[in-house]
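Comments concern the structure below.
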Amino acid sequence: MNRVIRASILVIMMMGLISCKEKNSALKVDLSTVPEIPIQIHRYDKALFSLNKDSIKEGMEKLQNEYSVFLGKGSFDQSQVMQISNFVLDPRIEELYDSTMVHFPNLDFLNTELEQAYKYLRYYFPKERVPVFYTYISDVSYEQPIMVGDSAVVIGLDNFLGTNFPMYGPIGIPLYASQRMTPDYIVRDIMDFEVSGKYLEDDEVKVVLDEMIRQGKRLTFVQHMLPDLSDAVVFGTYPTKMKWLKDYEQEIWASFINNKLIYSHKSGDFRTFLSDGPYCKAFGQDSPANVGGFIGWQIVNSFMKNNPNVSLADLMNMNANQILKQSKYKP
């Protein structure tokens, strides 16, 4: 099958870069009726590394009320104090913190971006609560750079220091992952976790189409919350690979239909077409991974275009077959 798919596609890569910001006027809405969103960002990273190293326990006690999400609410035993002490005195962690402070001496830009994104969220989901935000040094927890709870969002700032940050490569972070470790991805990742954790948990995934549409809903949600963000950043790939997807969308969809992939139960098909990675093995190294997620996104976009009376909230509750049938998708 791989040979058949490859034979149908002649790859022409676009040289140059596409801006991370694209004005998508179709998704811009009037937010004037949405009340101002007070954003609170608490910098646990700064507070923790500002502690007096000779009185760690006393410093932890002073921070505990504001940063109970990290320090808990009980008294500290010796092992907890030692854990914090070892962390802030670790030369590698100190280097991470210093680099984070160089990149993020203040978070005014993040405050502005979060306020705008949560205004959009309140526009589409008026009852949604705005969490409190915390930043910290995660020791490069790149597979989980953001943690989203009911009332708090925790951001590991050291996961967004730039694609070429010198500490990323030596610890084994692949390039396809580090290209997403830039400030442009902070709010994007928060919105991604918001939709995945709150609106898509109950989506039943039995066949490839189910996961395609689930990912399509997720990307459509992010796009609606961040309409100025480029498609490449929304999807999480290089601009050149996003262009590849758009250039060969018709061929990709044809291969899915011709090879009866959308109703496949095979775990190998899920891995090949819907997982993260440097590229999709079925289409070669010029492609991005997760081509099935891209097609799911285009199906959902087509559905929303052809069903303008369906709200974003209603979309989240619809099943994959219903969306595909009513999408009139034809690349």
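So the mapping is simple: the numbering used here equals the position in the sequence shown, first residue as 1, plus 1349.
Backbone N, C-alpha and C define an ideal beta-carbon position, used for all residues, glycine too.
Do residue j and residue i count as a contact pair if the criterion is CB distance below 9 Å?
{"i": "N1655", "j": "K1677", "result": "yes"}
{"i": "Y1393", "j": "Y1485", "result": "yes"}
{"i": "Y1517", "j": "M1530", "result": "yes"}
{"i": "F1584", "j": "N1639", "result": "yes"}
{"i": "L1575", "j": "A1662", "result": "no"}
{"i": "V1383", "j": "K1468", "result": "yes"}
{"i": "I1390", "j": "L1510", "result": "no"}
{"i": "V1418", "j": "Y1473", "result": "no"}
{"i": "P1532", "j": "F1453", "result": "yes"}
{"i": "L1445", "j": "K1402", "result": "no"}
{"i": "L1397", "j": "F1436", "result": "yes"}
Looking only at DSSP bridge pairs, what is residue i linked to?
{"i": "Y1483", "result": "H1391 and V1503"}
{"i": "G1633", "result": "C1629"}
How far does the beta strand (DSSP E) with residue i in it reach, from first residue to last?
{"i": "V1497", "result": "I1495 to V1497"}
Starting from residue i and walking both ways along the alpha helix (DSSP H), at which residues does that stretch end?
{"i": "N1607", "result": "E1598 to N1607"}
{"i": "A1375", "result": "It is not in any alpha helix (DSSP H) - A1375 carries neither H nor E in the DSSP assignment."}
{"i": "P1440", "result": "P1440 to H1452"}
{"i": "T1621", "result": "S1616 to L1623"}
{"i": "N1650", "result": "V1640 to N1655"}
{"i": "V1383", "result": "Taken as a continuous stretch (DSSP letters only), V1383 belongs to no alpha helix (DSSP H), as it is neither H nor E."}
{"i": "N1460", "result": "D1457 to Y1473"}
{"i": "K1411", "result": "I1405 to L1412"}
{"i": "Q1528", "result": "Taken as a continuous stretch (DSSP letters only), Q1528 belongs to no alpha helix (DSSP H), as it is neither H nor E."}
{"i": "L1673", "result": "A1669 to S1676"}
Would residue i be called buried (16 or more neighbouring beta carbons within 10 Å of its own) or exposed?
{"i": "Y1612", "result": "exposed"}
{"i": "V1489", "result": "buried"}
{"i": "L1578", "result": "buried"}
{"i": "L1456", "result": "buried"}
{"i": "K1566", "result": "buried"}
{"i": "V1451", "result": "exposed"}
{"i": "F1458", "result": "exposed"}
{"i": "S1487", "result": "buried"}
{"i": "S1424", "result": "exposed"}
{"i": "G1681", "result": "Residue 1681 falls outside the range modelled here, since the chain spans only 1350 to 1680, and no answer is possible."}
{"i": "H1614", "result": "exposed"}
{"i": "D1559", "result": "buried"}
Throw me the rounded Cβ distance for the residue i and residue j pair, which I believe falls under 8 Å.
{"i": "I1644", "j": "M1591", "result": "The Cβ separation is near 13 Å, so there is no contact."}
{"i": "N1460", "j": "I1405", "result": "So it is not a contact: roughly 30 Å between Cβ atoms."}
{"i": "L1623", "j": "G1642", "result": "6 Å"}
{"i": "L1420", "j": "G1408", "result": "Wrong, their Cβ atoms sit about 11 Å apart, outside the cutoff."}
{"i": "G1633", "j": "Y1525", "result": "Not quite, the Cβ-Cβ distance comes to about 15 Å (not below 8 Å), so this is no contact."}
{"i": "Y1534", "j": "V1502", "result": "No, Y1534 and V1502 are not in contact; Cβ-Cβ is about 14 Å, not under 8 Å."}
{"i": "E1598", "j": "Q1647", "result": "6 Å"}
Does any CB atom of chain B fall closer than 9 Å to the CB of residue i?
{"i": "Q1572", "result": "Judged by its chain identifiers, the structure shown contains no chain B, having just a single protein chain."}
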